[in-house]
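Peer 1:
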Amino acid sequence: MVSQATKRANLRAIKETVNWFSPGGDWRWMHVFATRESGLNHRIIAKHPADAAGARRAWKRNGPKFETHGNPFTGEQHEGLGGWFNSFGLFQLMAPNHVQRWSWMASPWVLAHPVTATVIAARLFNRGIQLGAKNLCDLRQMWATGSPKWSESYPKRCRSLRDRIQRMGYPPALADKPLTSMGMHGFARGPQSGQTESLRDVANLLGIPANPRTLSPEWGLGTPDIPDTPDYPDIPDPG
-9 MVSQATKRAN
1 LRAIKETVNW
11 FSPGGDWRWM
21 HVFATRESGL
31 NHRIIAKHPA
41 DAAGARRAWK
51 RNGPKFETHG
61 NPFTGEQHEG
71 LGGWFNSFGL
81 FQLMAPNHVQ
91 RWSWMASPWV
101 LAHPVTATVI
111 AARLFNRGIQ
121 LGAKNLCDLR
131 QMWATGSPKW
141 SESYPKRCRS
151 LRDRIQRMGY
161 PPALADKPLT
171 SMGMHGFARG
181 PQSGQTESLR
191 DVANLLGIPA
201 NPRTLSPEWG
211 LGTPDIPDTP
221 DYPDIPDPG
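For the record, in the sequence shown the residue sitting at position 61 is 51 according to the working numbering, with numbers rising by one throughout.
1) Shortest alpha-carbon distance to G118 belongs to which of A45, M172, A85?
2) Nearest to Q156 by CA position, among P54, H88, S93, W19, is which residue?
3) How long is the line joining the alpha carbons of A85 and P145, rounded to whole angstroms?
4) With which residues is I35 paired in a DSSP beta bridge?
5) May I ask you to verify whether the segment -1 to 11 touches the segment 175 to 189, counting CB pairs closer than 8 Å and requiring at least 3?
6) Determine the direct distance from the alpha carbon of R51 to that of S183, and round the result to whole angstroms.
7) Could you tell me how far apart the beta carbons of V100 and W92 are, in whole angstroms, since I believe they sit closer than 8 Å?
8) Assign Q131 to one of two classes, buried (16 or more other C-beta atoms within 10 Å of its C-beta) or exposed (fewer than that).
9) Per DSSP, which residues does M20 bridge with? Please list them.
10) Could you tell me the distance, in whole angstroms, from the CA atom of P214 to the CA atom of R(-2)?
In structure tokens:
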């Protein structure tokens, strides 16, 4: 379990990251997705064996690409937080598939930092638009399957998403808001010059280290300006 203070702090991190990288962007979808995926716990690790198995397959595909780029962390292949063989972080992203959205030279630990995890998630959002995703139901499908295309599981995921949006107090219309109008374009789809400096600036604003290895599992006790985020019970759905 993660404390309410850390949940508040991680929500603030999401908002500040969006405001810094893409001012005016609609961060509400990130709140919904992070609540569903991690309960706003920046260090949580996927527990389902399918996640570890999927990450191993993804490493077989993408590991050589990281090696070709000279990534110095390719030896970190152990199980658990920090390794390539799982999904973790605020948005439960699979390390071998998504770390390069921050940098081909990055450690998988970037998924355990609320700022870099938010940037990576936003770049996946923009990749979804490129692949044809129109709304959050399409994006939720892509988060689970890698593609926004319809499948038999799509209606159930969409119902789950709509229910969660409503229970979190957001307008139901958020599920149908065009992704292109949510203002995530400032993140682009991949690494940008100056992003490391921006990471340091946002981390300094939040009062946390930019290095995910030195970021505490619990942080943000001094952020009372963000309301409590309840432990919404998960709505089981595939993926």
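Positions of the beta carbon are idealized from the N, C-alpha and C atoms, including for glycine.
Peer 2: In short, the structure shows the following:
1) Your numbering for residue 118 matches position 128 in the sequence shown. Among A45, M172, A85, the Cα nearest to that of G118 belongs to M172.
2) Taking the sequence shown and counting its residues from 1, one reaches residue 156 at position 166. Answer by Cα proximity: W19.
3) Taking the sequence shown and counting its residues from 1, the one referred to as residue 85 is at position 95. Taking the sequence shown and counting its residues from 1, the one referred to as residue 145 is at position 155. Whole-angstrom Cα-Cα distance: 27 Å.
4) Along the sequence shown, one-based indexing puts residue 35 at 45. Bridge partners of I35: F78.
5) The count of Cβ pairs closer than 8 Å, one atom from the segment -1 to 11 and one from the segment 175 to 189, reaches three, so the stretches are in contact.
6) On the sequence shown, residue 183 is found 193 positions in, with the first residue counted as 1. On the sequence shown, residue 51 is found 61 positions in, with the first residue counted as 1. Computed Cα separation, rounded: 27 Å.
7) By one-based count along the sequence shown, residue 100 stands at place 110. By one-based count along the sequence shown, residue 92 stands at place 102. In this structure V100 is in contact with W92, their Cβ atoms being roughly 5 Å apart against a cut-off of 8 Å.
8) Start at 1 with the first residue of the sequence shown, and residue 131 comes out as number 141. Buried.
9) What you label residue 20 is simply residue 30 of the sequence shown in a count that begins at 1. Answer is none; M20 lacks a bridge partner.
10) Counted from its first residue, the sequence shown places residue 214 at position 224. Counted from its first residue, the sequence shown places residue -2 at position 8. The pLDDT assigned to P214 is 40, lower than 50, so where the model puts this residue is not dependable; a value taken from the coordinates is nonetheless given after this. Approximately 8 Å between the Cα atoms of the pair.
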